[in-house]
Amino acid sequence: MLKITENAAKRIKQVLNQKDNKGKSFRLFVTGGGCAGLRYGMALDKSKKKADTEIKVDGIKILMDEGSADILDGAELDYVETLEASGFKVSNPGTIHTCGCGHSFTSKNKKSMEKIEKCH
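Here numbering that gives the first Met the number 0 is used: the first residue of the sequence shown is 0, the next is one more, and so on.
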């Protein structure tokens with residue numbers, strides 16, 4: 000199961016509580032792309048799809064499609080703030096390779112990689 004840190008949950012709540020985001024859920028997904036084959040993505044979504052996995056943390060809903068949920072099993076979503084930047088960070092023990100720039104990765108879970116849509 001995906002783990003959500005306190006910092007990530009707090010930041011997601013802040014985003015979802017903005018006026019235009021009421022009633023939406025936070026979607027975390029894996030999509031094809033980058034030099035290592037896969038990338039993480041995040042979006043706000045109005046509805047849950049039939050095959051979605053839903054995680055509830057501190058009153059927020061996090062949605063993932065089936066392939067993404069498999070690849071993210073055991074991963075941790077954090078929100079990090081440094082002097083240089085701030086943003087969400089995924090730490091995934093299922094990653095076997097990352098590209099030099101750190102924006103794409105290869106997963107150990109080859110079966111789930113086949114389920115990943117090329118675009119979200």
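Backbone N, C-alpha and C define an ideal beta-carbon position, used for all residues, glycine too.
Quantities reported herein were computed from a predicted structural model and do not represent experimental measurements.
Does the Cβ-Cβ distance between residue i and residue j come in under 8 Å?
i: E75; j: S90; result: yes
i: M63; j: F28; result: yes
By DSSP's criteria, residue i is part of a beta bridge. Which residues make up the other side?
i: L43; result: F25
i: L37; result: G31, F104
i: D77; result: K88
i: M63; result: T52
How many angstroms separate the CA atom of residue i from the CA atom of residue j?
i: G120; j: S67; result: The displayed coordinates of the chain run from 0 to 119. Any statement about residue 120 would go beyond what the structure contains.
i: H119; j: T30; result: Any reading at H119 must be qualified, since the residue scores a pLDDT of 44, below 50, and its modelled position is unreliable; the value itself is stated next. Looking at the two C-alpha atoms, the distance is approximately 7 Å.
i: K48; j: S24; result: 12 Å
i: K60; j: T105; result: 27 Å
i: I54; j: I3; result: 9 Å
i: N6; j: G36; result: 28 Å
i: S46; j: I95; result: 32 Å
i: A84; j: A50; result: 34 Å
Residue i lies in the beta strand (DSSP E); which residues open and close that run?
i: T4; result: Note, T4: premise wrong, no beta strand (DSSP E); not H, not E.
Sorted by chain position, which residues of the same chain lie with C-beta nearer than 7 Å to residue i's C-beta, five sequence neighbours on each side aside?
i: H102; result: G33, R38
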